[in-house]
Amino acid sequence: GSVKLLNGQQMSQQELYIKSIELDPNNSNAYNNLGTSLTSGESVKLLNGQQMSQQELFIKSIELDPNNSNAYNNLGATLTSGGSVMLLNGQQMSQQLNGQQMSQQQLYIKSIELDPNNSVAYNNLGTTLTSGESVKLLNGQQMSRQELHIKSIELDPNNSVAYNNLGTTLTSGE
311 GSVKLLNGQQ
321 MSQQELYIKS
331 IELDPNNSNA
341 YNNLGTSLTS
351 GESVKLLNGQ
361 QMSQQELFIK
371 SIELDPNNSN
381 AYNNLGATLT
391 SGGSVMLLNG
401 QQMSQQLNGQ
411 QMSQQQLYIK
421 SIELDPNNSV
431 AYNNLGTTLT
441 SGESVKLLNG
451 QQMSRQELHI
461 KSIELDPNNS
471 VAYNNLGTTL
481 TSGE
């Protein structure tokens, strides 16, 4: 969709995020939101001519705000199972992230650490586990696939995807 501004100019969602970045190149949320507006494999050209992929937009968002839980979660969602991504060496990044290789699971765990109420991150982390497998969160809590989906539902009782994923953890008749 698009919106008509008072001056009559039509702007799409992506154009609005790009304009936001042009006006404030340090706006972490604008990079994250622009990333979520793209499909996998798609890239976008910023007004400065720089071409950025979905992953690069999420990484830039994390560089600008290392506490942006949603950016970690969204970056994790771009990876395939077993995949990992190298976070860039940015001056704004905290020491523990500089040049760090992070797996999909680690990105979701980091997202949960930054926002323990992020229902989507719990659900996404649950999808990375197989039956009988569990994962240790940064607070030391060990959680199974089923427990992660239950936690996701607890945090957002309207998360239909979490209910579906919880159902996949059961065997027929359970």
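Position one of the sequence shown corresponds to residue 311 (this note's numbering), numbered consecutively onward.
Just so you know, even glycine gets a beta-carbon here, dropped at the ideal spot from N, CA and C.
Item                                                                                                     : Value
Neighbourhood of serine 363 by C-beta, 6 Å cutoff - its chain only, sequence neighbours within 5 removed : Ser353
One or two residues paired with lysine 314 in a DSSP bridge                                              : Gln320
Rounded straight-line distance, which links the Cα of serine 338 to that of glutamate 464                : 28 Å
Simplified DSSP assignment, three categories, for leucine 465                                            : helix
Which of helix, strand or coil DSSP assigns to glutamine 451                                             : coil
Boundaries of the alpha helix (DSSP H) in which serine 350 is found, first to last residue               : That residue, serine 350, is in no alpha helix (DSSP H); it is neither H nor E in DSSP.
Helix, strand or coil at glutamine 410 [DSSP, three-state]                                               : coil
Pairwise C-alpha distance: glycine 359 and glutamine 451                                                 : 45 Å
Delimiting residues of the beta strand (DSSP E) encompassing serine 470                                  : From DSSP, serine 470 is part of no beta strand (DSSP E) but of the alpha helix (DSSP H) over 470-477.
Distance between histidine 459 and asparagine 433 (C-alpha atoms, nearest Å)                             : 5 Å
Buried or exposed (CB count within 10 angstroms, at least 16 for buried), proline 376                    : buried
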